[in-house]
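Chemist: Numbering (the numbering used here), first residue to last: 638 to 802.
The C-beta atom is built at its ideal place from N, Cα and C for all residues, glycine as well.
Computed from a prediction, not measured in an experiment: that's the story for all the values here.
First, the structure itself, so that you have it in front of you.
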Amino acid sequence: MRRLLILFGLFLVAAVAWACGDKLMLVMGARSLPIKAVRPALILAYPGQSASATLIRDLQRQPAIKRAGHIIQVVEDPAGLDNALKGGKYDLVMADVANASELSQRVLSAPSKPVFLPVTFQASKEEQSAAQKQYHCLLKAPGNPENYLAAIDQAMDWKLKTTNR
638 MRRLLILFGL
648 FLVAAVAWAC
658 GDKLMLVMGA
668 RSLPIKAVRP
678 ALILAYPGQS
688 ASATLIRDLQ
698 RQPAIKRAGH
708 IIQVVEDPAG
718 LDNALKGGKY
728 DLVMADVANA
738 SELSQRVLSA
748 PSKPVFLPVT
758 FQASKEEQSA
768 AQKQYHCLLK
778 APGNPENYLA
788 AIDQAMDWKL
798 KTTNR
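And the structure:
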């Protein structure tokens with residue numbers, strides 16, 4: 638009986654210590670677990686000559702994007718964009734909202750049916766609202782990696798909704 642009580646006590650102490658340590662890590666902001674997206678995306682990025690071009694190019698080097706499992710392929714010219722859309726299977730096409738009108742037809746005609754994710758760079762609230770309404774998702778820049786991941790997740794949710802219709 639005494640052994641049973643000692644074992645139960647050790648189990649109880651271990652459980653409490655594990656729970657406290659878990660909460661301590663949350664309070665201290667420790668991030669030992671990698672961020673994983675529910676649906677990692679294959680993203681075709683077209684920076685063009687826009688205000689957000691540098692940001693779009695740099696997204697593929699963001700550690701948070703890599704940890705989430707997203708893969709970003711950057712194409713620099715319209716011919717490269719057309720070739721990638723015809724030959725590849727992409728979930729999202731990311732480009733500046735200024736290029737949206739010229740890219741929307743190309744994106745719609747792609748065999749993989751990617752969703753267009755516009756990027757706004759230092760846009761006004763009205764411009765952001767109009768882009769959000771038209772494209773259903775929006776990556777607002779400048780921002781932090783968590784906001785970029787949220788925009789990608791929102792675009793992937795929209796893709797899932799539109800493909801299940």
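When burial is assigned at 16 or more other CB atoms within 10 Å of the CB, is residue 592 buried or exposed?
Modeler: Outside the shown range of the chain (638 to 802) lies residue 592, about which nothing can therefore be said.
Chemist: So the candidates are 767, 732, 681, 761; which of them puts its Cα closest to the Cα of residue 725?
Modeler: Of the listed residues, the one whose Cα sits closest to residue 725 is 681.
Chemist: Starting from the C-beta of residue 740, find all residues in its chain whose C-beta is less than 8 angstroms away, skip the five residues before and the five after it, and write them out in chain order.
Modeler: 683, 718, 730, 732, 753
Chemist: Any idea what DSSP makes of residue 719, helix, strand or coil?
Modeler: helix
Chemist: Can you tell me which of 768, 778, 676 puts its alpha carbon nearest to the alpha carbon of residue 759?
Modeler: 778
Chemist: Would DSSP call residue 740 helix, strand or coil?
Modeler: Here residue 740 sits in helix by DSSP.
Chemist: Classify residue 757: buried if its beta carbon has 16 or more other beta carbons within 10 angstroms, exposed otherwise.
Modeler: With at least 16 other beta carbons inside 10 angstroms of its own, residue 757 counts as buried.
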